[in-house]
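Residue numbers (this note's numbering): 31 to 305.
As structure tokens, then:
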């Protein structure tokens, strides 16, 4: 009993808070809050829904790239995560093959490149666990999503230093499921990504930039047209972010659109995708 109490205290009051900014996201829907599972990895944390077969949110910190960071080879396959209830109970455990032939990519939420170059090989391999993956259309995954991730890895990382990211899918009330698998893997309508950097002093509010990216993007959109408020994302997802902040600060940053302080210029917002 003491061991369990010690584990619970460590997990809830030390380990999890250290892997997210201003509080682990909370679901307004109590059923979702009770049924989601939090999975900690070396460099990122996942709020996972076995019911939907998707992460609901993923949090990680982007650090400046070390000068000696290696360009690690990309793993060729994605792995099942045996910490998910689906895999623990041998009921509809999600595998690499479940996405094959679906028309959807295996879309990373915690990105391979940023995690690999900042945190190393083991952390990189954890980004290829299926609990970090959501169905993304190719033009979203390989173009628009890649462009936003590249901004974080390169320009934002160099210009702003360490900052936090919370990202995840947005579902309709009655989502469709991957046609390639009988395992009820829900297809999101859109995805969100929130960048947040703590203020340099106690009197300075955090700096926030948030996006909602629909599945049907073409890939070459001006990224500034996808910028939204955090409050917009909360309304679409039922999540409450940054709830440990002072209420006045939380309300301020969650209702603000501030592209300029992040340097999201026309040039950066229209950089071409790698693919």
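Even for Gly, the Cβ is constructed at its ideal location relative to N, Cα and C.
Self-check item: Element boundaries [beta strand (DSSP E), containing residue 219]
Solution: If you look at residue 219, you'll find it isn't in any beta strand (DSSP E); DSSP assigns it neither H nor E.
Quiz item: Does the pairing of the segment 200-216 with the segment 123-140 give three or more beta-carbon distances under 8 Å?
Solution: The answer is yes - the segment 123-140 touches the segment 200-216, with three or more Cβ pairs under 8 Å.
Quiz item: Where are the alpha helix (DSSP H) runs, 4 residues long or more, that stay fully inside the segment 52-128, in chain order?
Solution: Within the segment 52-128, the alpha helix (DSSP H) runs of at least 4 residues that lie entirely inside it are, in chain order, 60-65, 115-118.
Quiz prompt | Bridge partners - residue 259, DSSP secondary structure assignment | solution = Answer by DSSP bridge pairing: none, since residue 259 is not bridged.
Quiz item: Are at least three pairs of beta-carbons, each pair with one atom in the segment 108-121 and one in the segment 79-99, less than 8 Å apart?
Solution: Short answer: they touch.
Exercise. Starting from residue 44, follow its DSSP beta bridges and name the residues at the other end.
Key: According to DSSP, which records beta bridges pairwise, residue 44 is partnered with nothing at all.
Quiz item: In whole angstroms, what separates the C-alpha of residue 91 from that of residue 294?
Solution: When rounded, the distance between both Cα atoms is 19 Å.
Quiz prompt | Backbone secondary structure at residue 202 - three-state DSSP | solution = In the structure shown, the three-state DSSP call for residue 202 is coil.
Quiz item: With distances taken from CA atoms, which of 149, 275, 155 is nearest residue 183?
Solution: Of the candidates 149, 275, 155, the one whose C-alpha sits nearest the C-alpha of residue 183 is 149.
Self-check item: Contact under 8 Å by Cβ, residue 177 with residue 253
Solution: Against a cut-off of 8 Å, the Cβ pair of residue 253 and residue 177 comes out as a contact.
Exercise. Pick helix, strand or coil for residue 138, following the three-state DSSP scheme.
Key: Three-state result, residue 138: strand.
Quiz item: Does DSSP classify residue 132 as helix, strand or coil?
Solution: Reduced to three states, the DSSP call for residue 132 is coil.
Exercise. For chain B, find out if any of its Cβ atoms is closer than 8 Å to the Cβ of residue 251; answer yes or no.
Key: The structure shown contains no chain B; it is built from a single protein chain.
Practice problem: Report buried or exposed for residue 111, applying the criterion of at least 16 other Cβ atoms within 10 angstroms of its Cβ. | Solution: So residue 111 counts as buried.
Self-check item: Range of the contiguous alpha helix (DSSP H) that encloses residue 151
Solution: Residue range 151-156 is occupied by the alpha helix (DSSP H) that includes residue 151.
Quiz item: So, is residue 121 buried or exposed, given that buried needs 16 or more other C-beta atoms within 10 angstroms?
Solution: Answer is exposed; the Cβ neighbour count stays below 16.
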